[in-house]
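Scroll down for the structure; my scribbles are underneath it.
Chains as they are written, first to last, in UniProt numbering: chain A, 1 to 368; chain B, 1 to 326.
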């Protein structure tokens, strides 16, 4: 597993140079195992399940992009290129582990039990989108970059105080790693030895700002060193590698061995969001093509096909299933009852105070 | 009944609630072994252990995030921000993440957090230690804001705040921590949030105020009565969000004259909202325009001039005379 060694030079130990992280990898872009001894223990069925989830998520993403173009969704941040990190990391969790997502991390929520129609409602700005079912252990997608990180420390502390063997996992991007909250969260989690896993999906760009303009640090992973927590860099387009490092981090956290930072090196194949972002303004047309070769579905498909675990039929069946599910869930979202202003007023507090009752009555009296 | 300072009364409220409810936690910078820089949490870590009363790293946004995360899992965090000027580092948790959690989750998650912070001028604190930022906080939908003026209210209001199922900002005036001792009952009792108190009855003019200005206003009321026989009613708001409009309006309907006194600078503050409520509900009963007594719209006065910057009794008496002579 990638680790860091500190090399003294010049002023001896008073001047330390960090040896650079190298992404931990199990599958080469050609789908060949390059790290046999680190292969996670997954059954053939589980390997197939990982592929199924990635294909499903890709189809869902493509449909969502289409729906957003037609104005049938609200805010939507495409995920293609990042499926291995999203699916592989979620698959390493227990059902009662807790996810604190950023706004792009909808697939992790879905595979952790959050209904898709609610994701659509959340995208449109419907309150029911945030009404997470009681038995689903996730928070609503965070809008403020980094806020989920400091909250993850709180969630992890709650588990630790109660003696529950649960882990809080949170996600942000390379841009998020510049936030103060990013460092404060790792520092808190380290200082209190909390069961937290901090994932950074370094997809190369914070909207348009490339990683090299984000920081002088050569990696996000090295930032965890300063906080005194364990840091790992992983090839985020290699689902087996992601599963392996996240499983390891989650197991350690569960055993009381403290938090980890995981930098998953990705590439965002699509735009930042469907709200007018045009990637050709800040990167060459050819750049995404280079990453198409390395992208997570191609790589894992090659691996599975060579093992005889995946066929075109399997692929087509999942594509159909995903299309059907998206269609059904959109219908369900469309049918959901509209919000009302009195309903919003009543969700401000546990007990609506008199001044708000009065404002509600005024609203109703105006003929609404 | 014991005689307590406000600092001791707040300590007592924290002790009562930590003892009563295992979900209550107290944390912030130096609140553990040191008992807080004003000894407000003195002895509590020893009594309840480091799992429930603890020091955090020096990072206010981290403190805020810790509180929101814990609250989302059913704890009742009491998070201390060491001085009011440091809340800006934690504004996302205080004004966004906490107050919105119930709303954006349709009630699935809630944030029963109490943020506590000392504030207020008059003891020559360093820069950004004594500002009055309650107006900023009171603008936040979903956040209640409480400002006690005496030891009895401080204990009862803090117990109510901790038991409240939504976030509350509890502001502790620096000048009031040790300035007076008062009878405070042992054990638990509550003072309701959102209820003002008439602390002095009168029929000629109503002063509406809160925090340390309650004491300055009472002094001014005595002086005005002695000098020209004016009967001044004084209302201590105690909670500034939500406002107790009913108590304000009842009093103004009786006196026909009102003055709002606040230690914060003038524009867009609590005084403005109080006056808007009077306009909407009692304007036809008014005999004179409602006056504000506040410092000027500057940043808080430097320590060597803060005594002049803060409204004093003579400025309030002057306002009383102007309103009565209108």
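No residue lacks a Cβ here, since even glycine has one placed at the ideal position from N, Cα and C. Every value quoted in this text rests on a predicted model; they were computed, and no experiment measured them.
Close partners of residue 127 of chain A in chain B (Cβ separation under 9 Å): 103, 104, 105, 106.
Counting only the Cα atoms, residue 33 of chain B lies some 40 Å from residue 267 of chain B. Between the region 293-313 of chain B and the region 166-173 of chain B, the count of C-beta pairs closer than 8 Å stays below three; the two stretches do not touch. Among the CB atoms of chain A, one or more fall inside 7 Å of the CB of residue 57 of chain B.
Proximity to residue 283 of chain B across B:295, B:261, B:251 peaks at B:251, based on C-alpha coordinates.
Per DSSP, residue 173 of chain B is one residue of the beta strand (DSSP E) stretching across 168-173. For residue 54 of chain B against residue 27 of chain B, the beta-carbon gap comes to about 5 Å, under 8 Å, which counts as contact. The C-alpha of residue 197 of chain A lies about 47 Å from the C-alpha of residue 297 of chain B. For residue 347 of chain A, there is no enclosing beta strand (DSSP E), as DSSP gives it neither H nor E.
Excluding its 5 nearest sequence neighbours in each direction, residue 216 of chain B has C-beta neighbours in its own chain below 6 Å: 313, listed in chain order. Check the Cα spacing between residue 344 of chain A and each of A:334, A:330, A:359, A:336: the tightest is with A:359. With respect to the 7 Å criterion, residue 85 of chain B and residue 150 of chain A are not classified as neighbours on the basis of their beta carbons.
In this model, residue 162 of chain A and residue 4 of chain B are separated by some 35 Å (Cα to Cα). Straight-line spacing of the CA atoms in residue 259 of chain B and residue 309 of chain B works out to 18 Å. Not a single CB atom of chain A sits nearer than 7 Å to the CB of residue 31 of chain B. Residue 203 of chain B sits exposed, since fewer than 16 C-beta atoms from the chains shown fall within 10 Å of its C-beta. In the DSSP assignment, residue 170 of chain A forms a beta bridge with A:100, A:198. Around the beta-carbon of residue 144 of chain B, 16 or more other beta-carbon atoms lie within 10 Å, marking it buried. Around residue 231 of chain A, no beta-carbon contact reaches into chain B at under 8 Å, the shortest distance being about 18 Å.
Inside the region 103-135 of chain B, DSSP marks no whole alpha helix (DSSP H) run of 4 or more residues. With a cut-off of 8 Å on Cβ pairs, the region 224-237 of chain A is not in contact with the region 170-180 of chain A, counting fewer than three such pairs.
Taking the Cα of residue 177 of chain B as reference, the smallest distance to any Cα among B:187, B:159, B:161, B:122 is reached at B:122. Where residue 141 of chain B is concerned, there is no enclosing beta strand (DSSP E), because DSSP gives it neither an H nor an E.
Assignment of residue 233 of chain B by DSSP, reduced to helix, strand and coil, places it in the strand class. The beta carbon of residue 88 of chain A is closer than 6 Å to those of 239, 242, 243 in its chain, skipping five residues each way along the sequence.
For residue 145 of chain A, the closest C-alpha among the options A:119, A:183, A:46, A:307 is that of A:183. In this structure, DSSP gives residue 205 of chain A an extended state, which the three-state scheme calls strand.
Along the region 159-170 of chain A, going in chain order, the ones with a CB nearer than 7 Å to a CB of chain B are 161. For residue 165 of chain A, same chain residues with a beta-carbon under 6 Å away, outside a window of 5 residues either side, are 254 in chain order. For the region 73-104 of chain B, the continuous alpha helix (DSSP H) assignments of 4+ residues that do not extend past its boundaries occur at 98-104, in sequence order.
Within the same chain, and ignoring the five residues on either side of residue 169 of chain A in sequence, the residues whose Cβ sits closer than 6 Å to its Cβ are 99, 197. Shown here, residue 17 of chain A sits in a strand according to DSSP, grouped into three states.
Listed along the chain, the chain B residues whose CB falls inside 8 Å of the CB of residue 130 of chain A are 104, 105, 106, 108.
Scanning chain B for C-beta atoms nearer than 9 Å to the C-beta of residue 348 of chain A yields 99, 102, 103, 141, 142, 166, reported in chain order.
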